[in-house]
């Protein structure tokens, strides 16, 4: 039964009934293993390791040598155990030792295999980390003053004709104020006191930002550059919405222009970024030479020493379909935008800010101011709402120039020069003849509001709600019409 009986192969082991034979012991173990695996009853003759057919082969009556009493008792116990649903057949412990040895062997293989896998992963991670460190940390951070001539080897700024109003909001920016002052000095030399006004509002800083501004004030005074530098310890109140606060501080820095103290043609907003004076000139050329271009933005980037560079201001930026952009290259969704990016050409967008922005002063002459979302409006960034008002009050026509890149850490600037991405920082691309076709504003756009005073709903689609200051419907719903996504 069950194929070949154990006795049939036990008879081929020479004299398997010799008690001193190792074959007898292992045949007994294998026979009992076979008996344990059998799930139905077996005949008593089948239980005899040296009985049955094995005994017939040796010519011994009753299956050869008489079995010992202990073996018979063990077989009976095995039968009783089998009826109970389990088996205890390894009386001499050979099978148990064999199992332990097998488990030990298999366990050793598993342990060795696991160790090898871990070693490979560790070596790969170390190699990847070392490559990253060699690649990124191998780029020695170079001062922006030395990097800018490498980006713009021409050496001349080429500022378009007109007057420039420079606006900066600073908060704990001591690491970047020094390079900003150096680039402002280049702009002072190019523009002179009659074509330039510097307005800076610093608030709530606990570092040395205010001390740096005192240095800048002396430089501006020595060069007779008109300026308005304000520094105080005001900060956002606990119950004040962050967008309300940011809109307020941006309007404070614009007060000299609002009040008519200085008549400008270009307004240059600079965040706490590392930039070149040549970047300002290129963005201004886009406005001066373009057809009704009202606003041009750079692209701002962040990174850690061993990570990829990420496009930073994705919260504000929307393409001409009203869709969000990605922080990862090539950033945009539309194929036409990606093609223009890789070619280093300006890209039309619905909104942007991106650390460095040049705006036509005509926008402010139309009465546009920084504001927060009102009831019925999405509580988005004050910069996003500013762009929305630009489109609503005039031709719009906002661009991003990928040739102009700014950074929040100086070493990222060095990385961009050492390991450039296709289409970025291509300052050799001419300004004339590279403007995109003007597109109408999108009918809808994705709203990413800031809710609960200061919590950013990063790239979370939201529908309009009677009060844009509260979270509402953070998922698209089939019952909501697409026209309600965002009214442009």
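Numbering (my numbering), first residue to last: 286 to 773. Cβ coordinates follow ideal geometry from the N, Cα and C atoms, glycine included. Remember, predicted model here, so these are calculated numbers, not experimental data.
query: Do you know whose CA, among 720, 687 and 722, lies nearest residue 705's CA?
result: Across the set 720, 687 and 722, the C-alpha of 687 shows the shortest separation from the C-alpha of residue 705.
With DSSP run on the structure shown, which of helix, strand or coil describes residue 681?
-> coil
* Check whether the region 656-673 touches the region 607-620, counting contact only when three or more Cβ pairs, one atom from each stretch, lie closer than 8 Å. => no
Is the beta carbon of residue 683 closer than 8 Å to that of residue 636? Residue 636 places its beta carbon less than 8 Å from that of residue 683.
**Report entry** Beta-carbon spacing of residue 512, residue 551 below 8 Å
**Finding:** Pairing residue 512 with residue 551 gives a Cβ-Cβ distance that is not under 8 Å.
Reduced DSSP category for residue 430 - H, G, I as helix; E, B as strand; rest coil:
Here residue 430 sits in helix by DSSP.
Among 574, 649 and 685, the one whose alpha carbon lies nearest that of residue 602: 685
Problem - One or two residues paired with residue 603 in a DSSP bridge - result: 609 and 636, per the DSSP bridge assignment.
Three-state secondary structure (DSSP) of residue 504
helix
>> Pull the bridge partners of residue 513 from the DSSP assignment, please.
In response: The partner list for residue 513 (beta bridge, DSSP) reads 484.
Neighbour-count burial assignment, residue 399, 16 or more Cβ in a 10 Å radius | Burial is judged here by how many other beta carbons sit within 10 angstroms of a residue's own beta carbon; residue 399 has fewer than 16 and is exposed.
| Hey, residue 528 and residue 657: beta-carbon distance below 8 Å or not? | Yes.
Secondary structure of residue 458, DSSP reduced to three states: Coil.
- Task: From the DSSP output, read off the bridge partner residues of residue 586.
- Result: 596 and 692
Quiz item: Out of curiosity, what's the CA-to-CA distance linking residue 545 and residue 649?
Solution: 11 Å
Can you check which of these residues, 700, 709, 730 and 473, is closest to residue 427 by C-alpha distance? The shortest C-alpha separation from residue 427 is found at 700.
In terms of residues, what are the limits of the beta strand (DSSP E) holding residue 642?
641-645
Query - Buried or exposed by the 16-neighbour rule on C-beta atoms within 10 Å, applied to residue 618 - result: With fewer than 16 neighbouring CB atoms inside 10 Å of its own CB, residue 618 falls in the exposed class.
Identified DSSP bridge partners for residue 580:
644 and 683
Next on the checklist: Just to confirm the assignment, what range does the beta strand (DSSP E) spanning residue 554 have?
Outcome noted: 551-555
| request: Measure the alpha-carbon distance for residue 789 versus residue 692 and round it to whole angstroms. | output: Outside the displayed span of the chain (286 to 773) sits residue 789, for which this structure offers no information.
Review point. Mind checking residue 453: buried by the 16 CB within 10 Å criterion, or exposed?
Key: buried
* Alpha-carbon spacing of residue 731 relative to residue 672, whole angstroms -> 14 Å
- Neighbour-count burial assignment, residue 561, 16 or more Cβ in a 10 Å radius: buried
Limits of the alpha helix (DSSP H) - the one that residue 527 falls within: Its alpha helix (DSSP H) spans residues 527-538.
Exercise. Roughly how many angstroms separate the alpha carbons of residue 577 and residue 622, rounded to a whole number?
Worked result: The alpha-carbon of residue 577 is positioned some 20 Å away from that of residue 622.
Legend entry - Bridge partner(s) assigned by DSSP for residue 451: 483 and 553
Proximity below 8 Å, CB of residue 627 to CB of residue 708: Cβ atoms of residue 627 and residue 708: closer than 8 Å.
Open item on the list: Taking the beta carbon of residue 643 as the centre, do at least 16 other beta carbons fall within 10 Å, making it buried, or is it exposed?
Closed with: buried
Inter-residue Cα distance where the pair is residue 664 and residue 539: Between residue 664 and residue 539, the C-alpha separation is close to 22 Å.
For this session: Would you check if there are 3 or more beta carbon pairs closer than 8 Å linking the region 437-447 to the region 567-585?
Result: yes
Same chain, Cβ closer than 6 Å to residue 639, five either side skipped, listed in chain order: The beta carbon of residue 639 is closer than 6 Å to those of 582, 583, 584, 585 and 598 in its chain, skipping five residues each way along the sequence.
(message) If you measure between the beta carbons of residue 634 and residue 604, is that distance less than 8 Å?
(response) Going by C-beta atoms, residue 634 is nearer than 8 Å to residue 604.
- Query: What do you reckon, are the CB atoms on residue 532 and residue 516 nearer than 8 Å?
  - Reply: no
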